[in-house]
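Its first residue numbered 0, the sequence shown is counted upward by one per residue in numbering that gives the first Met the number 0. To start, the structure itself, in structure tokens.
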Amino acid sequence: MWDPKQYSHFRDERKRPFFELLARVDVDAPSHVADLGCGTGDLTRVLTERWQEARVYGVDSSSAMVEEARRRPSSESLRFDVADLAGWEPPAPLDVLVSNAALHWVPDHGALLRRLVEKLAPGGVLAFQIPANFDAPSHRHIDEVRALPRFATKLESVRRGHAGPIEVYESLLSDLGLTVDAWETTYLHVLPGEDAVLEWLLGTTLRPVLAALNPEEGRAFLDTLRPLLRQSYPAHARGTPFRFTRRFVVARRGR
Ligand SMILES: C[S@@+](CC[C@H](N)C(=O)[O-])C[C@H]1O[C@@H](n2cnc3c(N)ncnc32)[C@H](O)[C@@H]1O
0 MWDPKQYSHF RDERKRPFFE LLARVDVDAP SHVADLGCGT GDLTRVLTER
50 WQEARVYGVD SSSAMVEEAR RRPSSESLRF DVADLAGWEP PAPLDVLVSN
100 AALHWVPDHG ALLRRLVEKL APGGVLAFQI PANFDAPSHR HIDEVRALPR
150 FATKLESVRR GHAGPIEVYE SLLSDLGLTV DAWETTYLHV LPGEDAVLEW
200 LLGTTLRPVL AALNPEEGRA FLDTLRPLLR QSYPAHARGT PFRFTRRFVV
250 ARRGR
């Protein structure tokens, strides 16, 4: 379902939040570090560069992503596993647990965060970033097309991403005894190329939708969506402005 090439299309825009998240993780010499929903592992490799003495684990449920991750050169200290991040068991308590743009695909954030916190070593840090643009025009248009009689039945059970209010994450993790730093950022990406917002969505949000349709239905879906996106996101000579909000949480467990 996931396509490493399509996802890499807007690499710089997708990478930036990871570095902004990581900049707030203040841990000197961790022994065990995990990146949950690591995709092709490019950003997981950044973790091995920052913490060269640590064992680093990249975990992703997509075998296509993990195969690509394993194909690229990496250090001895880095291991990639195909697994659902919600059920993955680390080999040792984690000093740093990072997840960039992945947790929105996992249901029940309350249960998930409680479980992730249990995987932290004393003093360990949980740091995640999730997109929070689910009521943006892009997603509203996808929902409109999903609801058309031609697609509705087939797409009924196809999951949507979700993000809770930032206050919910703050209070949930504080109640678990962690010290929480949470913030939200809205980026205005100016995307190059034709039908740039559609191209962006093809790398992420539309993957599960297209995976549930046959090729002809998929083409029809995109043909219906394209004009709606063009209307809501007009292209200019300099590119297509695309507003995108993300939520960030860095939470440290007590010792
Ligand atoms: C938008 S990509 C982000 C990849 C990488 N973290 C990055 O920032 O470049 C989301 C990734 O989450 C993975 N993913 C989604 N649900 C997952 C789950 N339940 N368990 C593990 N990985 C999951 C997908 O396979 C995909 O590679």
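A virtual CB, placed ideally from N, CA and C, is assigned to each residue, including glycine.
Assigned secondary structure, G160 (DSSP; H/G/I helix, E/B strand, else coil)
Note: G160 maps to coil in three-state DSSP.
Quick check: L96 and L77, are their CB atoms within less than 7 Å of each other?
With a cutoff of 7 Å on beta-carbon distance, L96 and L77 are scored as not near each other.
Hey, is N99 close to ligand 2, as in C-beta under 6 Å from one of its heavy atoms?
With respect to small molecules bound, the structure shown includes ligand 1 and not ligand 2.
Just checking my contact of V144 with F241 at CB under 8 Å: how many whole Å lie between their CB atoms?
At roughly 18 Å, the Cβ-Cβ gap does not stay under 8 Å, so V144 and F241 are not in contact.
For W199, verify whether its CB is less than 6 Å away from any heavy atom of ligand 1.
Checking every heavy atom of ligand 1 against the Cβ of W199, none is found closer than 6 Å.
When you compare the CB positions of P207 and V157, do they come within less than 7 Å of one another, or not?
Yes, Cβ-Cβ distance for P207 and V157 is below 7 Å.
Rounding to the nearest angstrom, what Cα-Cα distance links W104 and L35 in this structure?
Using only the alpha carbons, I get a separation of about 12 Å.
For T223, report the span of its alpha helix (DSSP H) as first-last.
Following the DSSP letters along the chain, one finds T223 inside the alpha helix (DSSP H) bounded by residues P214 to S231.
Applying the 10 Å Cβ sphere with the 16-neighbour rule, what's the burial state of D94?
Buried, by the Cβ-count rule.
Looking only at DSSP bridge pairs, what is L147 linked to?
L147 is not bridged by DSSP to any residue.
How long is the line joining the alpha carbons of H8 and D222, rounded to whole angstroms?
Their backbone Cα atoms lie some 21 Å apart in a straight line.
Measuring straight from C-alpha to C-alpha, what distance separates W182 and Q128?
One C-alpha to the other measures close to 10 Å.
Local conformation of D41 per DSSP, three classes:
Assignment of D41 by DSSP, reduced to helix, strand and coil, places it in the helix class.
Between L172, S98 and A211, which has its C-alpha nearest R149's C-alpha?
When each option's Cα is compared against that of R149, the closest is A211.
In the DSSP assignment, what residue or residues form a beta bridge with P130?
DSSP output for P130 lists R245 as bridge partner(s).
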